[in-house]
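Chemist:
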Amino acid sequence: MDQARNGHDSRSIDPAAKEMLRIADREGYATIWERYEQQQPQCSYGQLGTCCRICSMGPCRIDPFGDGPTRGVCGATADTMVARNLARMAAVGSSSHSDHGRKVALLLKAVANGSNTDYHIADPDKLTAVAERLGIPTAGRSTAEIAADVAAVAIDCFGNQGEEPIVFMEKYMPRKRFQRLRELEETLYRTTGAKTGFLPRAIDREAVDILHRTHFGCDHDPLSLVAQSVRCSLSDGWGGSLIATELQDILLGSPTIRPVKANLGVLEAESVNVVVHGHEPILSAKVVEMAQSAECRAAAEAVGAKRVNVVGLCCTGNEVLLRQGVGMAGNESHSELAIMTGAVDAMVVDVQCIYPALADLASCFHTKFVTTSEQAKIPGALHIQFEEHEADAIATRIIKTAINAFPNRNKARVYIPQHTSTAIVGFTVEEILKALGGTPQPLIDLIVTGTIKGVAGIVGCNNVKVQQDFFHRTLTEELIKRDILVIGTGCWAIAAAKSGLMDLPARELAGPGLQAVCGQLGIPPVLHMGSCVDCSRMLNLAGTLADHLQVDISDLPLVGSAPEWTTEKAVAIGTYFVGSGIPVHLWPLPPILGGPEVTKILTSDAKDVLGGWFFVEEDPKATADRMEQIIMERRAALGI
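With the sequence shown counted from 1, adding 202 to any position gets you the numbering used here.
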């Protein structure tokens, strides 16, 4: 398989990835791209969402062309199947991010009560700000007392058994959006006589609700199933993910604007290279911290290494990049390529977006592939269980595992592509407001005058069905040249960082209005806001603008995109943006087209009901055209 001949590689546009893929082709290393080819042709029923395996009478499938079965054995229609499958994706996606938030909340409780001394309150000002927003008294109280109350409120959001909305949502969601969702619930109950909820009551409860209602013989109404998908997803965006972001800032420190390096060139031939990969910075932040200890520095020098060089992959890489300035080796599709450099002494993973194939690949090298979570065990890996109350000792053990592997490197097989780009990162809501003088009014003024037309939020993964980073990069360039400010998170953020779009010279690619603003503020036209769990920062920014103007989020010239989405988390993220009133572009096609009623609800009806909706487009320029059109329509509705 030589996809790199004549200088063109349809698998990636990243120059470092292209170099490593040539090595993979030459040496016969299996990659996600090769495994994708082996899966062709993929199941068309699955792609349309019209297959069901919920009970043992199936699996059932429905012919979308009407030539075969039109109902499952139980009588379920195509729309029921599609809606149930979508709901289950939303439940899993919401659960993954929210469970991340639960761990941080429990850690904050342990720090507050003194049972964990390996972590501490790194940002007491953020703690005070969160407490005051939640209505928790702060005057005359100790940091530990305030932290204990914040942790208690956060933990209660997961398991509260009442009917009222979760506290974090009530306190963070802009007033007009909260009122709209509450009035929608009341209107539907009054007109239909049936309960339909949108405001989440508890994070765990909404996921369990989906699992219950999608059990055999329960909810078969597509609208009801989609509504619960929105409710569950909102419990993540304004609940679990928001809790994770806010509490991680408190415990690990709030990110600040700083320059970092991105791409495989951050690996160092003379150093012990440790790659942290996954999503939970409670582990990765400690690995970075312990790598700098005198004990680990001495151990690295004793085996002939210059130092311990910790670099990031995927979203846990985003986390340590933002807070500790760690270099970023790449996004999701770089994980195999990093090991193929032969220079990675340990790849340390926690949860989410980790290919099980990495264990087999690592066995071809000296690389130690280390799993650390009871929720993500992978056959063939070295498992070192991470425990927060022994964080320093376990992180040190992990680092020493990498150090001990360093002498076993085959230097003849080491090849590190010398590609890096500078990225200016750390644009949290607080840092953006600080750059604007402490208030959102300057940004609003720029939008009102048309200097900046609007804001586009881009999130997402890498997907083997799309040339790596192509859609991310092309769409971003198209938007900024139209004077649309781009913000975002996750693997999109890494793609933008690797391509130089987050560096100051990138403002030359922007339209005249955005270019002038970037020059005045000293910022790039593309802003890195964090990991995928930090999509809550974008919600928070949208809410800040909406409350300042006393409007709903759905009134603002905002639009979103997930151009290379892959996971169930992306379903939840896209759905909570739509539920918050923001139109969202998707590519590749979501598995819903086999259900015409579900497709209509999500792409059309939701626009009137929620103010946000999904649209699908495979061409980046056409996507930018549509996103700009939406922004201009919203500007016109506001009279600007």
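Quick reminder that beta carbons are idealized off the backbone N, C-alpha and C, glycines included.
Is the distance from the Cβ of Ile618 to the Cβ of Glu470 below 9 angstroms?
Modeler: Yes, the Cβ-Cβ distance between Ile618 and Glu470 is below 9 angstroms.
Chemist: When DSSP builds the beta bridges, which residues end up paired with Lys570?
Modeler: Per DSSP, Ala548.
Chemist: For the stretch 781-841, which segments carrying the alpha helix (DSSP H) assignment without a break, of at least 4 residues, lie completely within its bounds, in sequence order?
Modeler: 798-802, 808-812 and 822-840, all fully within the stretch 781-841.
Chemist: How long is the line joining the alpha carbons of Ile842 and Glu538, rounded to whole angstroms?
Modeler: Their Cα atoms are separated by approximately 48 angstroms.
Chemist: Roughly how many angstroms lie between the CA atoms of Leu584 and Phe571, to the nearest whole one?
Modeler: Each residue's Cα considered, the two are about 6 angstroms apart.
Chemist: Would you say Gly529 reaches chain D, if we count a Cβ-Cβ gap shorter than 9 angstroms as a contact?
Modeler: Protein chains in the displayed structure number just one, and chain D is not present.
Chemist: Between the C-alpha atoms of Gly274 and Pro790, what's the straight-line distance to the nearest angstrom?
Modeler: Spanning the two alpha carbons is a distance of roughly 27 angstroms.
Chemist: In the DSSP output, which residue or residues are listed as bridge partners for Ala658?
Modeler: According to DSSP, Ala658 bridges with Val688 and Val761.
Chemist: Touching or not, the stretch 558-566 and the stretch 644-662, by the rule of three or more beta carbon pairs under 8 angstroms?
Modeler: No: fewer than three Cβ pairs fall under 8 angstroms.
Chemist: Within its chain, find whatever has a CB closer than 8 angstroms to the CB of Ala668; leave out the 5 residues flanking it on each side and keep chain order.
Modeler: As written in the sequence, residue 668 is Val, which differs from the Ala given in the question. Counting only Cβ-Cβ distances below 8 angstroms, and skipping sequence neighbours, we find Pro765, Glu766, Trp789 and Pro790.
Chemist: What is the residue span of the beta strand (DSSP E) that Met530 lies within?
Modeler: Where Met530 is concerned, the enclosing beta strand (DSSP E) stretches over Met530 to Gly532.
Chemist: Excluding the five sequence neighbours on either side, which residues of its own chain have a C-beta within less than 7 angstroms of the C-beta of Asp451, listed in chain order?
Modeler: So the list reads Asp325 and Lys328, once near-sequence residues are dropped.
Chemist: Determine the direct distance from the alpha carbon of Asp227 to that of Val512, and round the result to whole angstroms.
Modeler: Each residue's alpha carbon lies about 28 angstroms from the other.
Chemist: For a test of the three-state rule: what should DSSP assign to Thr330, helix, strand or coil?
Modeler: Helix.
Chemist: Does the stretch 246-265 come close enough to the stretch 398-409 that 3 or more CB-CB pairs lie under 8 angstroms?
Modeler: As far as the Cβ criterion goes, the stretch 398-409 does not touch the stretch 246-265, which means the pair count is below three.
Chemist: Is Asn315 helix, strand or coil by DSSP?
Modeler: Looking at Asn315 - three-state DSSP - the assignment turns out to be helix.
Chemist: With burial defined as no fewer than 16 other Cβ atoms inside 10 Å of the residue's Cβ, what is the status of Cys253: buried or exposed?
Modeler: Buried, by the Cβ-count rule.
Chemist: If distances are taken between C-alpha atoms only, which option among Leu687, Pro457, Gly399 and Glu448 comes closest to Arg433?
Modeler: Nearest of Leu687, Pro457, Gly399 and Glu448 to Arg433, Cα basis: Gly399.
Chemist: What residues in its chain sit with their C-beta under 8 angstroms from that of Tyr391, if we drop five residues either side in the sequence?
Modeler: Here the set comprises Lys397 and Thr398.
Chemist: So Asp477 packs on Ala540, CB below 8 angstroms; how close in whole Å?
Modeler: Just to set this straight, residue 477 is Val in the shown sequence, not Asp. Between Ala540 and Val477 the Cβ distance is about 6 angstroms, and since that is below 8 angstroms, they are a contact.
Chemist: Roughly how many angstroms separate the alpha carbons of Val313 and Cys257, rounded to a whole number?
Modeler: The alpha-carbon atoms of Val313 and Cys257 are separated by roughly 45 angstroms.
Chemist: Which of the three DSSP states is assigned to Cys257 in this structure?
Modeler: Cys257: coil per DSSP, three-state reduction.
Chemist: Starting from Pro461, follow its DSSP beta bridges and name the residues at the other end.
Modeler: For Pro461, which the question treats as bridged, DSSP gives the partners Ile626.
Chemist: Helix, strand or coil for Gly638 per DSSP?
Modeler: A small fix is needed here, since residue 638 is Leu in this sequence, not Gly. Coil at Leu638, not helix or strand.
Chemist: Give the secondary structure of Cys420 by DSSP, where H, G and I count as helix, E and B as strand, and everything else as coil.
Modeler: Three-state DSSP puts Cys420 in coil, outside helix and strand.
Chemist: Can you give me the C-alpha to C-alpha distance between Asn520 and Val761, rounded to a whole angstrom?
Modeler: Approximately 23 angstroms between the Cα atoms of the pair.
Chemist: Based on Cα-Cα distance, which residue from Pro376, Val522 and Leu383 lies nearest to Met740?
Modeler: When only C-alpha atoms are compared, the closest one is Pro376.
Chemist: Does the contact criterion of 3 or more C-beta pairs under 8 angstroms hold for the stretch 711-719 versus the stretch 802-813?
Modeler: They do not touch, by the three-pair rule.
Chemist: Output the distance between the C-alpha atoms of Glu372 and Pro402, rounded to the nearest integer angstrom.
Modeler: Cα to Cα, the separation comes out at about 10 angstroms.
Chemist: Would you say the stretch 235-252 touches the stretch 275-284, given that touching needs at least three Cβ pairs under 8 angstroms?
Modeler: Enough Cβ pairs lie closer than 8 angstroms, so yes.
Chemist: Ala356: which of Gly337, Arg343, Gly342 and Ala341 sits nearest, CA to CA?
Modeler: Checked all of Gly337, Arg343, Gly342 and Ala341; the closest Cα to Ala356 is Gly337.
Chemist: Which partner residues of His730 appear in the DSSP bridge assignment?
Modeler: The partner list for His730 (beta bridge, DSSP) reads Val627 and Gly690.
Chemist: Mapping DSSP to helix, strand and coil, what is His621?
Modeler: His621: coil per DSSP, three-state reduction.
Chemist: Which residues share a DSSP beta bridge with Cys516?
Modeler: Note: Cys516 sits in a beta bridge opposite Gly480.
Chemist: On the three-state DSSP scale, how would you describe Val773?
Modeler: In this structure, Val773 counts as helix in the three-state DSSP scheme.
Chemist: Can you name, in chain order, every residue of its own chain whose Cβ lies under 6 angstroms from the Cβ of Ile463, other than the five neighbours on each side?
Modeler: For the record, residue 463 in the displayed sequence is Lys; it is not Ile. Around Lys463: Gly529 and Thr622.
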